[in-house]
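Here my numbering is used: the first residue of the sequence shown is 2, the next is one more, and so on. The structure appears below as structure tokens.
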Amino acid sequence: MLFPHSYHRLLRVFLLCFCLVTVARAEERTYTVQSGDTLGGIAQQFGVSARDMQLYNDLPSADRIVVGQVLRVPPGPDVPIRYIVRAGDVLSIIARNHGVRASEIIELNELKNPDALHVGQVLLIPGHARQQRTALPEHVRRELDQIRVRSGWTHIVIHHSGTRRGNVRDMDRYHREDRRMVNGLGYHFVIGNGNGMRNGEIAMGPRWRAQQDGGHLASAAQNRYSIGICLVGNFDQTRPTAQQLHSLRALVGYLQQRAGIPVSNVTTHTRINVRPTACPGRHFPTEEFLRSLRN
Ligand SMILES: [Zn+2]
Numbered sequence: 002m003l004f005p006h007s008y009h010r011l012l013r014v015f016l017l018c019f020c021l022v023t024v025a026r027a028e029e030r031t032y033t034v035q036s037g038d039t040l041g042g043i044a045q046q047f048g049v050s051a052r053d054m055q056l057y058n059d060l061p062s063a064d065r066i067v068v069g070q071v072l073r074v075p076p077g078p079d080v081p082i083r084y085i086v087r088a089g090d091v092l093s094i095i096a097r098n099h100g101v102r103a104s105e106i107i108e109l110n111e112l113k114n115p116d117a118l119h120v121g122q123v124l125l126i127p128g129h130a131r132q133q134r135t136a137l138p139e140h141v142r143r144e145l146d147q148i149r150v151r152s153g154w155t156h157i158v159i160h161h162s163g164t165r166r167g168n169v170r171d172m173d174r175y176h177r178e179d180r181r182m183v184n185g186l187g188y189h190f191v192i193g194n195g196n197g198m199r200n201g202e203i204a205m206g207p208r209w210r211a212q213q214d215g216g217h218l219a220s221a222a223q224n225r226y227s228i229g230i231c232l233v234g235n236f237d238q239t240r241p242t243a244q245q246l247h248s249l250r251a252l253v254g255y256l257q258q259r260a261g262i263p264v265s266n267v268t269t270h271t272r273i274n275v276r277p278t279a280c281p282g283r284h285f286p287t288e289e290f291l292r293s294l295r296n
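This is how it looks when you write it as structure tokens:
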């Protein structure tokens with residue numbers, strides 16, 4: 002026989018379990034493996050570790066994933082990260098490096114004066130946000146941070162290669178030898194699609210390293226102030242991969258910050274070119290992409 006109070010306790014336990022199951026269901030996320038994907042790359046995209054992905058999906062080995070396989074994404078860390086402020090730190094840069102907004106850090110830490118951080122101060126960084134927002138892979142960010150960005154970059158222009166496969170080396174050779182462009186590769190950056198370069202891989206071209214004008218637009222004036230990013234693929238036939246879009250979002254966000262470029266100046270080849278072009282192809286989701294930058 003159940004006494005009223007133990008009955009209540011059981012009911013409470015039951016309700017608690019029910020709620021936990023509901024929450025777990027709501028947060029269940031999946032990802033369908035695409036050509037060129039690696040488990041590490043997918044894990045990074047969701048802000049979880051490759052090891053967690055492997056365990057969560059009972060994979061015998063991290064490199065045994067196949068195209069079309071549906072992977073379950075483990076819940077990400079929702080525990081805030083502790084960050085200790087170093088000399089020269091600025092809130093907006095700390096936020097960017099963690100893939101969160103400065104306002105989220107201000108809110109979580111109840112900062113009265115966000116401009117007055119002091120060395121040694123402990124900041125809590127929202128852990129959950131890392132999964133939703135996009136941050137550049139650490140090694141890419143470190144490489145980009147070393148470039149002394151010149152002034153005068155006001156636009157970011159997106160292109161496709163118009164080819165099924167491609168990589169920086171071959172594109173550079175083509176621009177140098179066949180197109181007779183002395184500075185080589187006309188784009189500042191190339192993002193791979195798994196054919197010739199890793200899916201979502203960001204490669205910096207020699208022109209960004211040397212802070213030279215682009216060679217990706219028909220107008221010399223536009224090339225002077227436009228950063229060119231090329232996604233490998235023919236988007237008249239296919240959509241860019243999810244990982245390409247993820248990397249593009251992270252790269253554009255970074256460049257906007259570094260060069261102070263507003264979203265309104267992020268555009269595509271077809272929208273800015275003085276001569277008609279279909280680049281980056283009718284399947285490039287321009288509106289959707291630009292909207293994702295505003296959020
Ligand atoms: Zn183009």
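In this text, a Cβ means the ideal position worked out from N, Cα and C, and glycines have one as well. Remember, predicted model here, so these are calculated numbers, not experimental data.
Asked, Found
"Looking only at DSSP bridge pairs, what is V74 linked to?", "R30"
"Would you mind reading off the limits of the alpha helix (DSSP H) that contains L109?", "103-110"
"Excluding the 5 residues preceding and the 5 following A211 in the sequence, name in chain order all residues of the same chain whose CB lies nearer than 6 Å to its CB.", "none"
"On the DSSP letters alone, give me the boundaries of the alpha helix (DSSP H) that R208 sits inside.", "207-210"
"Looking at the unbroken beta strand (DSSP E) that takes in S227, where does it start and where does it end?", "227-232"
"Would DSSP call F290 helix, strand or coil?", "helix"
"In or out: S62 buried (at least 16 other Cβ within 10 Å) or exposed?", "exposed"
"Along the chain, which unbroken stretches of the alpha helix (DSSP H) at least 4 residues long are found entirely within the stretch 129-171?", "130-133, 139-146"
"Suppose you measure from the CA of G163 to the CA of I85; what does that come to, to the nearest Å?", "46 Å"
"Is A63 helix, strand or coil when you go by DSSP?", "coil"
"Does DSSP put L125 in a helix, in a strand, or in coil?", "strand"
"If I measure Cβ to Cβ from V67 and keep anything under 8 Å in the same chain, skipping five residues before and after, which residues do I get?", "V34"
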